[in-house]
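Chains as they are written, first to last, in my numbering: chain A, 103 to 526; chain B, 103 to 526.
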C-alpha cells in the first residue's frame, strides 16, 4: 500500500530554494544525489512528526531519513521495518524505541503524509527567505545532537545560518512572561555583560525575560538566537513581530516546525528542550512557581547542562520558581554575569569562606585578633597586661606584637603598646 | 609552686547565690560536696580561659573541673598533668589536644589565676540576679556538648534558666547589623511564624536582623535566647539595653564569659559558635559579603547543623553574603517560615518538579496536551482531523477525548469536538 504521493522533482526544486550557501553546508562524503535526497526527506519529516518524536528519530538514525520516509510512504510492514533496522550497525540502542512504539508511530504519521502540504511549506519557507539546515551541515548546532533520538530532524532558519557557528559559547537566558522590572533589569545587565564576554544569547522570543534578553543582546551587538514553537514565518507572540524581525537581521530565528505550522502548547514545551540543548548553560532569571521556564530548566537538568537561577525577593511571586529551582533541584544560585559565565565555562570560584578558622573574614590569625582586642588606640599597655587581657602566653604576645608592628597595625610608644589604626 | 589563692569558702558563699533552683539542677549521682566543688571550679574556669579554649575543655573533660583547676593552681608539671590525664578512661581523643598545647596553655592561664577577681565576678553576677549552669544541669542545653572540647565550660544566665528546657525545638536567626527594611521584614515574619510552629528563636542581640528576631519573638509570646559576647551584666550593644532587659523577663540571656567581662572581637566570633550549636538549624536572613554572620554560618556548617540562607535582590549588598552561602557553601535557599521549619526538622518536601514528563506543570499527559492543542472553543472538529493536527493515531485520539470529556474539559457537539474551558 502506498500512502501519500511525494513528487520528488517538485520537492527538489523547492528544497534548492531553501538550501543555504556553501558557508553553511559541509563537504559531504556521500554523493550529491544522496545529500539532496536526505535533505528533501528531512524537510518532509519535519511536517509529519511532532517535535521530539523519538521513534522517528530512532528510525531515521537507523535507516537515514530518505529510506525511513520510503518505508512509511511505501507502507512497509512493521516487521519489515524492524528487520531493516536490525540489519544496520548503527541501530544499537534505537531498537527498543522502535519496538515499543513502531506500529502506533505509523498510525500517527500516515494522516500527515501529504506531498502537497510538504511542497507548500517549503515554498512558504523560500518565500520568507528561510533556509533548512540538517545534521552534518557546517551550521548545524552540534550540541543539539545530545538530545539523541529526540534531536530535531532539521531546523528551519531565518537569518544567516552561518551565524550559528558563532554560538559555540552561548548561554540560554529564559524566564517568565510576567516579568517584573527587577527581572528585566537583571536580564538586560546580564545579557549585555555576557555579550562582552563573548557569549551568544539563546532564548524563546516570548514577552518578559526572553524579550529583554534578545533586546539587550541586539543593543550590545551580540549574536542572539530565538527558537520559535511554530514556523519561522509566524512571529510569535505577534507583539514581538518587529523584535523577531531585528533578530533575523543580525542573529538567527529557528524552528523545527515547518513554515505554516502553528505554535501549540506541546510545541512550546518541546521548543524548550532545544533552548536548553543549544547552549552551554541555562539561566532562569525570573519564574513563577509554575512558570513554563521551569520546563526549560528541567530539560537542561535532564541533559546534564549547568542550570542557574537568579534569586530575588522572597516576597516576589516572580522569583518563587527560581528559588524552587535552587532549593529543590540543585540549580546554582547566580547573581551576576560573571557567575553565569563561570557556570557555562564550568569554573567555579573557590574562595574558601570557612577555611582559615573563625577569623578568616578579617585576614588575621586568632592570636592577632585576641591581641588587638587587648589594645586600645589611646592608652599604652605592657606585654604582661596584654597577655592577661588576651588570655595568651607572654611569649606569644611578644611575637604577635612584632608581626603586627611590621604591618603597622600596632606600635610601641613610651607608655606601652597601642593600636595604631582604628578598630573595626 | 602555688599560683593565685582561691578562697574556697568565700567562693562557695558566692556560688550559692548564683546556683539556680531545683528546677534547673539535676538529681546528681555524685555527692553534694563534689557537685559544689565542680560548680565552683567551673565558675573560676570561665574567668581564666578565653571562650573556645579546647585545651581547657580537654583537661576538664579528663580530670573534672575541680581537679583540673587544682592542677593549675598547684603548679603541676606538664608531665604530671599528662600522666593524670592518661590514667583517665575518658581521656581518649583529648590527649592530642593536651600534648600539642599543654605547656603553652599553663602559660596563658596563669596570669588570670586570681581568686579576688573570680569572687568579684560571681558576686557581680549575684547582684544582677544571674545564675550559673553547668553541663549536667537539667537546664543545660545539651546540643552545646556537640562542640566537644570547645563546648562552654559553664554558662552565665539572666532570666529563668528553666526556660532553656523550652528550646528543644529552636532555630537561630542571624544576620547583618546593617540590615535593610526587606531583611528586617522577612525576619519579623519568619520569627513570628516559627514561634507559632513551636520554635524558640536564638540570636545574638545585635542591631539589625538579630534585634528584629528577638523583638518579633517577644511580640509573639515566644521563647527567645540571646547569647552575649561579654558578661550578661553588660548589655551590648548599649542601644539594646531595654531589649535585652525584656528578653530577661520571658526568655534567657546567656554568656560563657563571667560578669564584668568585656565583649571583644574574639569573644564575638566564639559567641557565634554557641548560637550555631544551640539550635537545630541556623538561618542567615541578610548578610553582606563579609558579614560576621557568615562566621556563625561557618560554625553551623562545621557542626553539621542544617544551614539556611534567605535570598534577596542581586542588587542588594545586604543579600550578597546569603547568596554566597547558597552558591558556594551549600546553604539551603529558604524563603518562608515553612521552609525554615523543614530545614530544622530535616524534612525536605519532595514535589518532583521534573518528574512526569514535559507537561508536568499542567497536570496533563503529553497526549492530552496535544489533543487539546488540536481543539478550539468555537469550531467543532472530527476525530480524524484532530488526529492529523495532533500527530496522534486516531484510536489514541478517541480514548484521550473520552478521558477529557469525563473531566469536562472537552465535549462532543453536533459540529464535532470542542474545547469547553478556556485554553490557558
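Even for Gly, the Cβ is constructed at its ideal location relative to N, Cα and C.
Counting along the chain, residue 430(B) sits inside no beta strand (DSSP E); it lies in the alpha helix (DSSP H) bounded by residues 419 to 430. The beta carbon of residue 372(B) sits closer than 7 Å to those of 153 and 154, all from its chain and outside the five residues before and after it, given in chain order. Setting aside the 5 residues that flank it on each side, residue 369(A) is surrounded in the same chain by 152, 153, 331, 332, 359 and 363, each with a C-beta closer than 8 Å to its C-beta; the list follows chain order. In the assembly as shown, residue 441(B) is a buried residue. Its beta-carbon has 16 or more other beta-carbons within 10 Å. For residue 338(A), there is no enclosing beta strand (DSSP E), since its DSSP letter is neither H nor E. Closest in alpha carbon position to residue 309(A), among 324(A), 303(A) and 346(A), is 346(A).
Counted as a single uninterrupted DSSP element, the beta strand (DSSP E) harbouring residue 518(A) occupies residues 518 to 521. Counting only the Cα atoms, residue 408(B) lies some 8 Å from residue 448(B). Apart from sequence neighbours up to five positions away, the residues of its chain that approach residue 437(A) with a beta-carbon distance below 8 Å are 412 and 413, ordered along the chain. In its chain, beyond the 5 residues on either side, 388, 418 and 420 have a beta carbon closer than 7 Å to the beta carbon of residue 282(B).
Leaving aside the five residues that flank residue 233(B) on each side, the residues in its chain whose CB is nearer than 7 Å to its CB run, in chain order, 120, 121, 122, 259 and 263. Taken in chain order, the members of the segment 201 to 225 of chain A whose beta-carbon sits within less than 7 Å of a beta-carbon on chain B are 206, 209, 210, 213 and 214. Taken through DSSP and simplified to helix, strand or coil, residue 143(A) comes out as helix. Within 9 Å of the CB of residue 142(A), no CB atom of chain B is found; the nearest one sits about 20 Å away. When 379(A), 496(A) and 224(A) are compared, the shortest CA-CA separation from residue 245(A) is found for 379(A).
Note that the C-beta distance between residue 476(B) and residue 492(B) is below 7 Å. Around the beta carbon of residue 118(A), fewer than 16 other beta carbons lie within 10 angstroms, which makes this residue exposed. With fewer than three CB-CB distances shorter than 8 Å, the segment 161 to 170 of chain A does not count as touching the segment 270 to 289 of chain A.
The beta strand (DSSP E) runs lying completely inside the segment 221 to 302 of chain B and spanning 3 residues or more are 233 to 235, 257 to 260 and 272 to 276, given in chain order. Taking 7 Å as the cut-off, the beta carbon of residue 272(B) is found closer than this to the beta carbon of residue 304(B). The segment 208 to 227 of chain B makes contact with the segment 140 to 151 of chain B; the number of CB pairs closer than 8 Å reaches 3 or more. Contact note: residue 489(A) reaches chain B through 210 and 213, using a C-beta cutoff of 8 Å and chain order.
Linking residue 319(B) to residue 405(B) through their CA atoms gives a straight-line distance of about 25 Å.
In terms of beta-carbon proximity, residue 520(B) stays away from the interface with chain A, with every pair separated by 7 Å or more. Within chain A, 151, 152, 210 and 214 have C-beta atoms less than 7 Å from the C-beta of residue 493(B), given in sequence order. Against chain B, the beta carbon of residue 324(A) has no neighbour under 9 Å; the closest one sits roughly 21 Å away. In the DSSP annotation of this structure, residue 515(A) is not part of any alpha helix (DSSP H); the continuous beta strand (DSSP E) holding it starts and ends at 512 to 515. By the 16-neighbour rule on beta-carbons within 10 angstroms, residue 247(B) is exposed.
Cβ contact annotation for residue 401(A) (same chain, cutoff 6 Å, sequence separation greater than five): 374, 375 and 378, in chain order. A straight line joining the alpha-carbon of residue 301(B) with that of residue 325(B) spans about 8 Å. Against chain B, a Cβ distance below 8 Å from residue 414(A) picks out 413, 414, 415 and 416. For residue 509(B), no beta strand (DSSP E) encloses it, and the DSSP letter there is neither H nor E. Secondary structure note for residue 400(A): it is in no beta strand (DSSP E), and the uninterrupted alpha helix (DSSP H) holding it is 395 to 404. Per DSSP, reduced to three states, the secondary structure at residue 371(A) is helical. Identification of residues in the segment 260 to 287 of chain B having a C-beta nearer than 7 Å to some C-beta of chain A yields 284, given in sequence order.
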